[in-house]
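2 protein chains.
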Amino acid sequence: MTPARAPRADAVRNRKKILAAAGEQITAHGPEVGMDEIAAAAGVAVGTLYRHFPTKTDLVAAVVAAYIARVADDAETALGRVEAGAHAVDELTAFLRRVVEASVTDRAVKAAAQTLGAEPGDRADEDRAGAAVAALIQVGQADGDIHPDVTVSDIYLLFSTAPTDQPPAARARWLALVTPGLTTRTREAGN
Amino acid sequence: MTPARAPRADAVRNRKKILAAAGEQITAHGPEVGMDEIAAAAGVAVGTLYRHFPTKTDLVAAVVAAYIARVADDAETALGRVEAGAHAVDELTAFLRRVVEASVTDRAVKAAAQTLGAEPGDRADEDRAGAAVAALIQVGQADGDIHPDVTVSDIYLLFSTAPTDQPPAARARWLALVTPGLTTRTREAGN
DNA sequence: ATAGATGGTGAACCACAGTTCATCTTATTC
DNA sequence: GAATAAGATGAACTGTGGTTCACCATCTAT
């Protein structure tokens, strides 16, 4: 069922360039960047964009998928560290922080995803991330550091509400406000 | 310095109708509702909208201002209850919950405010709300219930990150996750 | 080297939403 | 009840941005 001949070399190259450019442009100027601008940034004509992605929504979806893949990688790495002996709570909060920090860059991606009807291009990556986070939580709960009723969807909930458009100080503060809800430790003064 | 004759009666009436309709339409269908639709809902022609509000951004700003005024009222009422003997923490969290709940209706307002360059039409209402919340926090801290380093901007930060587009259960859960960051009490199991 | 399809180009197209304005209506004033 | 200014109307205009498509270029298999 795959008799189609292999895609042309330059087509593959262009696809990558487009994806990269789209990511950059969207994170830089928000989701309202025109297709023309993305095309220009990729060093390609608009038509080429449409050859690879039938619609702008599809393009954004692809960018979002790439973002999710990155997050999944991050989560799995964190899990790896825990298996190597690191504390799960620490890794989880650090993961949270990292995602929130990174989302400054990727905030527009999120916005774009909502503006258009962003579809999960690759459910697989989403699952990967979920599994890793779940494992992280479980270990943390076994350690007695993470509150027993915390679930993966809690983490997603916090992700989706992260103040990506706020200055660094505010993001740090937000993290400080939110972590006590996840851990069993009493809130410490700070920041 | 006010020699201008009083505005016509129907003009005043229309202004109200427009504001009301704009609020409804935006909360119902998001900030992307067309001016035509708002006009239709108000039982007026588009041109009338532009007579009262030179641009769509101005109209949205007016709607946002009305929203802020409502929040300010709410905060002041809560403060009143505290002065009458209620616990400040409870009132603060209840206030938070109320705003989050209400924002289901008003979520689009927030979105609209960000989409366009929403300007604070009435700084006064903003200040009213801020003052009331500050008082609430202060009393709560004096009671020893609210963490000493909590500030008004923390509350604003939480507002701005409230999951307004999530189902009720998720919003409740969010509140449960976030409150421990404000209080001095240890997190209790729940939900 | 050549054929033929795959991929690339970009000017033109189109739909949509905000905005304008010449004209008509209606409230207010004397 | 005129006269007049304030307000209302809505068809038409405009600019923007996604999308198309007829034509050209390039890669790959033979």
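Chains as they are written, first to last, in my numbering: chain E, 1 to 191; chain U, 1001 to 1191. The C-beta atom is built at its ideal place from N, Cα and C for all residues, glycine as well. Quick caveat: nothing in here was measured; it's all calculated off a predicted structure.
Cβ-Cβ distances below 8 Å link A1162 of chain U to V1099, V1100, S1103, R1171, W1174 in the same chain, with the five nearest sequence neighbours on each side left out; the list follows chain order. The C-beta of A62 of chain E comes no closer than 9 Å to any C-beta of chain U.
Chain order gives no chain E residues near A1142 of chain U, where near means a beta carbon separation below 7 Å; the closest approach is about 17 Å. Any Cβ of chain U closer than 9 Å to the Cβ of R70 of chain E would place that residue at the interface, and such an atom is absent.
Judged by DSSP in its simplified three-state form, T27 of chain E adopts helix.
Here DSSP, grouped into helix, strand and coil, assigns T184 of chain E to coil.
Between the stretch 1083–1093 of chain U and the stretch 1135–1145 of chain U there are three or more C-beta pairs closer than 8 Å, enough to call the two in contact. Bridge partners of I1146 of chain U according to DSSP: U:T1183. The beta carbons of A1022 of chain U and A1006 of chain U sit no closer together than 9 Å. T179 of chain E is classed as buried because its beta carbon has at least 16 other beta carbons within 10 Å across all chains shown.
Counting of Cβ neighbours within 10 angstroms places P31 of chain E among the buried residues, the total reaching 16 or more. What G1034 of chain U touches in chain E, judged by beta-carbon distance under 7 Å, is nothing: the nearest beta carbon there is about 17 Å away. Counted as a single uninterrupted DSSP element, the alpha helix (DSSP H) harbouring V60 of chain E occupies residues 56–83. Think of a sphere of 8 Å around the beta carbon of T57 of chain E: no beta carbon from chain U falls inside it, the nearest being about 15 Å out. No Cβ of chain E is located within less than 9 Å of the beta carbon of G1023 of chain U. Note on D125 of chain E: 16 or more other CB atoms within 10 angstroms of its CB, so buried under the neighbour-count rule.
For I1155 of chain U, same chain residues with a beta-carbon under 6 Å away, outside a window of 5 residues either side, are V1133 in chain order. Here I1068 of chain U really is in contact with A1129 of chain U; their C-beta atoms are around 7 Å apart, less than 8 Å. Taken atom to atom, the span from the alpha-carbon of A1176 of chain U to that of H87 of chain E is near 25 Å. For G80 of chain E, no Cβ of chain U is located within less than 9 Å of the residue's own Cβ. DSSP places R171 of chain E inside the alpha helix (DSSP H), whose first and last residues are 168–178. In terms of Cβ geometry, L49 of chain E and I18 of chain E form a close pair [threshold 9 Å].
A1169 of chain U has its alpha-carbon roughly 23 Å from the corresponding atom of Q141 of chain E. Look at T161 of chain E: its C-beta is under 9 Å from a C-beta on chain U. When the five nearest sequence neighbours on each side are left out, the beta carbons in the same chain lying within less than 8 Å of the beta carbon of R1081 of chain U are those of E1091, in order along the chain.
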